[in-house]
Amino acid sequence: MRIPRRTSTLAATALLPLAALALTACGSTGGSGSAGPENGPVTLSYGIWDRNQVPAMQKIADEFHAANPNVTVKLQVTPFKQYFTTLQTAAAGGGAPDVFWMNGPNVKLYASNQQLLPLDQTISTGKLDLAKYPKALVDLYSYGGKTYGIPKDFDTVGVWYNKALFDAKKLPYPKDDWTWADFQSAARALTDKSKGVWGAAAPVEDQSGFYDTIPSAGGQVIDAAGTTSGFGSPEALQGIEFWTSLVKDGASPTVQQMTDTSPGDLFKAGKVAMYWNGSWAAVEYNDVPELKQTVNVAPVPKGPKGQISVIHGLGNVIYAKTKHQDAAQKFVAFLGGERAAQIQAEAGAVIPAYEGTQQAWVKAMPQFNLKAYLDEVPNAVPYPASKNTKVWTTLQTDILTKVWNGQVDAATGLKDLATQMDAALAKEQ
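For the sequence shown, this note's numbering assigns the number -14 to the initial residue and increments by one for each residue that follows.
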């Protein structure tokens, strides 16, 4: 399954202007719904954006209804490209879905403007144990000391590789404990200009790229409080130059070549030997017969400070103005439980966030080393975000594209990015 929430387009599209959302903020975090028991039938709306997950989400809704006959859940599916724009309009009019999907780049914006219900009561009455979810995701959906989203699923990043291209060069496949040096060496050895084959793809990609290598070098994109840029550090420079060196060496296509033909398509066509991609790619490659037995995945290589992947995933949240607060909290507690996670795992589309339920996803495609994605979770870092992520990710894309193209050297570009990003973050406070 390829969901646009997880790539660089995630942070660059569909985010709400801070001022616009602030104008529609609720007067209190308690919302306008009743926190007490509700009498009579209740219909909850559940906003999601991925049609591939509708069967699993419907099954979850049906099982919840069977256990709670007075509560019916109706799915509202909005394509991702329109999802947050539609949500903004609905929230402004007081009519957002009772429960809906949220992602990392947006959660602090909605929480800080009191559009989301704090889930302390949901966690308590639903007996949810936050230790059952990856800590990085719990942190991602926390703001001001409160939890605003219950992790639904997650994705980490791995390196997909073409076994046939490795075999042709008589190179060993990547191992679980490989290093940056191993990756760079393999990329150069696999490059065959006479055949139009590159050893790796190095696009200007955040989640499946420099968001992984910067922390692996010991740096950070943004501090934990979401107030200060980390791009100005020597470690960030090292994480960026990991990628730009591949382009300079000719081991990766240029930015223009990857604009003409996406790196993902080059990989699927056998023109790129190694391609960093998220766990969502497994279903995509599994559905292509000629790739199903030709490609496999390894964990990201170890950098100077370790083998670190960024982790992202969806959270289920409650609209602060829901008129059915009690029912919504019961539903979100059910969504956050083991049974709902099992249903998602069996569907195979995503890795459920609930501890101990991920093996069904791994077993669904046994020809791939999908365990690599799970092994990365303990050391994973949260997806970088602030109250208004879009402002600085736009700067990030603009400046780093110039760095990749050689229009500005990396050290100068990153210093400029850090300065502009800090200024943007200061306006959020």
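C-beta: ideal position from N, C-alpha, C; glycine also.
Return the Cβ separation of residue 165 and residue 290 in integer angstroms, given the expectation that the two are a contact with Cβ distance under 8 Å.
-> For the purposes of this step, residue 165 is taken as residue 180 along the sequence shown, with counting starting at 1. For the purposes of this step, residue 290 is taken as residue 305 along the sequence shown, with counting starting at 1. Taking a contact as a CB-CB distance under 8 Å, the pair residue 165 and residue 290 does not count as one, their CB atoms being some 11 Å apart.
Determine contact between the region 215 to 235 and the region 108 to 123, defined as no fewer than three beta-carbon pairs at a distance below 8 Å.
-> With contact defined as three or more Cβ pairs closer than 8 Å, the region 215 to 235 and the region 108 to 123 are not in contact.
Between 233, 253 and 86, which lies nearest to residue 150 when the distance is taken from Cα to Cα?
-> For this step, residue 150 is matched to residue 165 along the sequence shown. When only C-alpha atoms are compared, the closest one is 253.
Check the DSSP bridge columns for residue 140 and list the partner residues they point to.
-> Residue numbering aside, residue 140 sits at position 155 when the sequence shown is read from its first letter. Looking at the DSSP assignment, residue 140 forms a beta bridge with 297.
Hey, how far is the Cα of residue 396 from the Cα of residue 238?
-> Looking up residue 396 in the sequence shown gives position 411. Looking up residue 238 in the sequence shown gives position 253. When only Cα atoms are considered, residue 396 and residue 238 end up about 22 Å apart.
Apply the 10 Å Cβ neighbour rule to residue 342 and answer buried if 16 or more other Cβ atoms are within range, or exposed otherwise.
-> Taking the first residue of the sequence shown as 1, we reach residue 342 at position 357. Answer is buried; the Cβ neighbour count reaches 16.
Could you give the uninterrupted runs of the beta strand (DSSP E) lying entirely in the region 266 to 343, keeping only those of 3 residues or more?
-> Here the runs fully enclosed are 280 to 284 and 300 to 303.
On the three-pair Cβ rule with 8 Å, is the region 264 to 282 touching the region 47 to 64?
-> No contact exists between the region 264 to 282 and the region 47 to 64.
Three-pair Cβ contact test at 8 Å for the region 78 to 91 versus the region 289 to 306 | A contact is defined here as three or more CB-CB pairs under 8 Å, and the region 78 to 91 meets this definition with respect to the region 289 to 306.
Other residues of its chain near residue 79: CB distance less than 7 Å, five sequence neighbours each side excluded = Reading the sequence shown from its first residue, position 94 is the one you call residue 79. The beta carbon of residue 79 sits closer than 7 Å to the beta carbons of 306 from its chain, once the five residues preceding and following it are set aside; these are given in chain order.
Within 10 angstroms of the Cβ of residue 64, are there 16 or more other Cβ atoms? Answer buried if so, exposed if not.
-> Taking the first residue of the sequence shown as position 1, residue 64 is located at position 79. By the 10 Å Cβ count, residue 64 comes out exposed.
Alpha helix (DSSP H) segment containing residue 126, residue limits | Within the sequence shown, numbered from 1, the residue matching residue 126 stands at position 141. For residue 126, no alpha helix (DSSP H) run applies, since DSSP gives it neither H nor E.
If we count Cβ pairs, one from each stretch, closer than 8 Å, do we get three or more for the region 325 to 345 versus the region 41 to 51?
-> Yes, the region 325 to 345 is in contact with the region 41 to 51.
Express the C-alpha separation of residue 138 and residue 338 in angstroms, rounding to a whole number.
-> Residue mapping note: residue 338 aligns to position 353 of the sequence shown, counting from 1. Residue mapping note: residue 138 aligns to position 153 of the sequence shown, counting from 1. Computed Cα separation, rounded: 4 Å.
DSSP beta-bridge partners of residue 101 | Here residue 101 is taken as the residue at index 116 of the sequence shown, counted from 1. Paired residue(s): 304.
Distance between residue 398 and residue 384 (C-alpha atoms, nearest Å) | Working through the sequence shown from its first residue, we reach residue 384 at position 399. Working through the sequence shown from its first residue, we reach residue 398 at position 413. Those two C-alpha atoms are separated by around 6 Å.
Do the CB positions of residue 285 and residue 185 come within less than 8 Å of each other?
-> The residue given as residue 285 occupies position 300 in the sequence shown. The residue given as residue 185 occupies position 200 in the sequence shown. Contact: no.
Would you grab the beta carbon distance between residue 135 and residue 317 for me? Rounded to a whole angstrom, and I think it's under 8 Å.
-> What you label residue 135 is simply residue 150 of the sequence shown in a count that begins at 1. What you label residue 317 is simply residue 332 of the sequence shown in a count that begins at 1. Correct: roughly 6 Å between the Cβ atoms.
Straight-line gap, residue 215 to residue 403 (C-alpha atoms, nearest Å) = Locating residue 215 in the sequence shown gives position 230, where the first residue counts as 1. Locating residue 403 in the sequence shown gives position 418, where the first residue counts as 1. Spanning the two alpha carbons is a distance of roughly 7 Å.
Less than 8 Å between the CB atoms is what I'm expecting for residue 358 and residue 264, so what's the real figure, rounded?
-> For this step, residue 358 is matched to residue 373 along the sequence shown. For this step, residue 264 is matched to residue 279 along the sequence shown. Their Cβ separation, rounded to whole angstroms, is 4 Å, which keeps residue 358 and residue 264 in contact under 8 Å.
Test item: CB-CB of residue 243 and residue 188 under 8 Å | Locating residue 243 in the sequence shown gives position 258, counting from the first residue. Locating residue 188 in the sequence shown gives position 203, counting from the first residue. The answer is yes: Cβ separation under 8 Å.
Which same chain residues, not among the five before or five after residue 381, have their C-beta less than 6 Å away from its C-beta?
-> Taking the sequence shown and counting its residues from 1, one reaches residue 381 at position 396. Nothing meets the Cβ criterion.
Residue span of the beta strand (DSSP E) that contains residue 263, given as start and end = For the purposes of this step, residue 263 is taken as residue 278 along the sequence shown, with counting starting at 1. In the DSSP assignment, residue 263 falls within the beta strand (DSSP E) that extends over 257 to 263.
For residue 312, which of 267, 250, 111 and 345 has the nearest alpha-carbon?
-> Within the sequence shown, residue 312 is the residue found at index 327, counting from 1. Here the closest residue by C-alpha is 111.
Is residue 30 helix, strand or coil by DSSP?
-> The residue labelled residue 30 in the question sits at position 45 within the sequence shown. In the displayed model, residue 30 falls within a strand according to three-state DSSP.
Ignore the nearest five residues each way along the sequence and tell me which others in residue 277's own chain have a CB closer than 8 Å to its CB.
-> Residue 277 sits at position 292 when you count from the first residue of the sequence shown. Contacts found: 270, 271 and 352.
In whole angstroms, what is the alpha-carbon distance linking residue 406 and residue 213?
-> Here residue 406 refers to the residue found at position 421 of the sequence shown. Here residue 213 refers to the residue found at position 228 of the sequence shown. Cα to Cα, residue 406 sits roughly 8 Å from residue 213.
In this structure, does DSSP put residue 405 in helix, strand or coil?
-> Locating residue 405 in the sequence shown gives position 420, counting from the first residue. The answer is helix: DSSP assigns residue 405 an H, G or I state.
List the whole-angstrom C-beta distance separating residue 335 from residue 192, where the pair is believed to meet the contact cut-off of C-beta under 8 Å.
-> What you label residue 335 is simply residue 350 of the sequence shown in a count that begins at 1. What you label residue 192 is simply residue 207 of the sequence shown in a count that begins at 1. At roughly 15 Å, the Cβ-Cβ gap does not stay under 8 Å, so residue 335 and residue 192 are not in contact.
Between which two residues does the alpha helix (DSSP H) harbouring residue 63 extend?
-> Position 78 of the sequence shown, counting from 1, holds the residue named residue 63. Here residue 63 belongs to no alpha helix (DSSP H), and DSSP marks it neither H nor E.
Residues in its own chain within less than 7 Å of residue 30 by CB, not counting five upstream and five downstream?
-> In the sequence shown, counting from the first residue as 1, residue 30 sits at position 45. Closer than 7 Å at Cβ, skipping near neighbours: 59, 61, 82 and 83.
Taking C-alpha atoms, which residue in 369, 364 and 36 lies nearest to residue 207?
-> Stepping through the sequence shown from its first residue, residue 207 is reached at position 222. Scanning 369, 364 and 36 for the CA closest to the CA of residue 207 turns up 369.
How is the beta strand (DSSP E) around residue 87 delimited, first residue to last?
-> The residue given as residue 87 occupies position 102 in the sequence shown. Annotation for residue 87: the continuous beta strand (DSSP E) segment containing it runs 84 to 87.
Please name the residue in 391, 360 and 412 whose C-alpha comes closest to that of residue 374.
-> As a position in the sequence shown, residue 374 is number 389, starting the count at 1. Nearest of 391, 360 and 412 to residue 374, Cα basis: 412.
Within this structure, are the beta carbons of residue 266 and residue 389 separated by less than 8 Å?
-> Here the question's residue 266 lines up with position 281 in the sequence shown. Here the question's residue 389 lines up with position 404 in the sequence shown. No, they are not a contact pair.
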